[in-house]
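Q: Add 8 to a position in the sequence shown, counting from 1, and you land on the number used in our numbering. Virtual Cβ for every residue (Gly too), placed ideally from N, Cα, C. Got a structure for you, questions after.
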Amino acid sequence: MDTSKCQTKIKNRQDSLIGRFSTKSKQCGSTLIEFSLVAALFFVLFFTVVDLSVYNFVKLTMQNSVREGARYAVTGRSDLDPDGLGSREAAILQKMSDAADGYLEQVLNVDEDIRVEDIDGNAVAGFGGAGDIIAIHLDCAWPTFSPLIYPFVESGKYKFTVSTAMRNESF
């Protein structure tokens, strides 16, 4: 038997054993694992930022809605009543709904979550009479979808109130 052939076979076996246990082969999947950990953290933070941004957009939209509704309410007009019956309350709610870009029904129950108060905090029937100072409050809730924020908000919803106060004109 030729000794050079035996030495070559032994060397090939050693190379294959060394190759199996070398550090290069141990690191083969570590890049994928590191990427998955970093990517998961990145996406959780990204969706948290998006969630907070959407919440702030909805809150600002609702603030604009209550302001536009109050501006319409102080005039005493009722021409926006969707039923055409001349109801001032329905016209004001329609004005708020128009200014809310479709979010009004998503963030509150129109029959329960709209409060109208006088300057002392007492409930006012309708939207007040001529010369009354009224404050309109919308108690809103917007769901969160970020797993980081969910434990910090009650039942997974941001709860917020937007308000505005104005004096009714003589009508």
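Are the beta-carbon atoms belonging to residue 136 and residue 97 less than 8 Å from one another?
A: For the purposes of this step, residue 136 is identified with residue 128 of the sequence shown, where counting begins at 1. For the purposes of this step, residue 97 is identified with residue 89 of the sequence shown, where counting begins at 1. No, the Cβ-Cβ distance between residue 136 and residue 97 is not below 8 Å.
Q: What do you reckon, are the CB atoms on residue 88 and residue 103 nearer than 8 Å?
A: What you label residue 88 is simply residue 80 of the sequence shown in a count that begins at 1. What you label residue 103 is simply residue 95 of the sequence shown in a count that begins at 1. Contact: yes.
Q: Evaluate residue 124 with the Cβ neighbour count: other Cβ atoms within 10 Å of its Cβ, from every protein chain shown; 16 or more gives buried, anything less gives exposed.
A: Mapped onto the sequence shown, residue 124 falls at position 116. Per the 10 Å Cβ criterion, buried.
Q: State the Cα-Cα distance for the pair residue 67 and residue 73, rounded to the nearest angstrom.
A: Stepping through the sequence shown from its first residue, residue 67 is reached at position 59. Stepping through the sequence shown from its first residue, residue 73 is reached at position 65. If you take the alpha carbons of residue 67 and residue 73, they lie about 10 Å apart.
Q: Counting only runs of 4+ residues fully inside the stretch 102-153, write out the alpha helix (DSSP H) ranges in chain order.
A: Fully enclosed alpha helix (DSSP H) runs of 4 or longer: 112-115.
Q: What is the DSSP secondary structure of residue 86, reduced to helix, strand or coil?
A: Counting from 1 along the sequence shown, the entry for residue 86 is found at position 78. The answer is coil: DSSP assigns residue 86 none of H, G, I, E or B.
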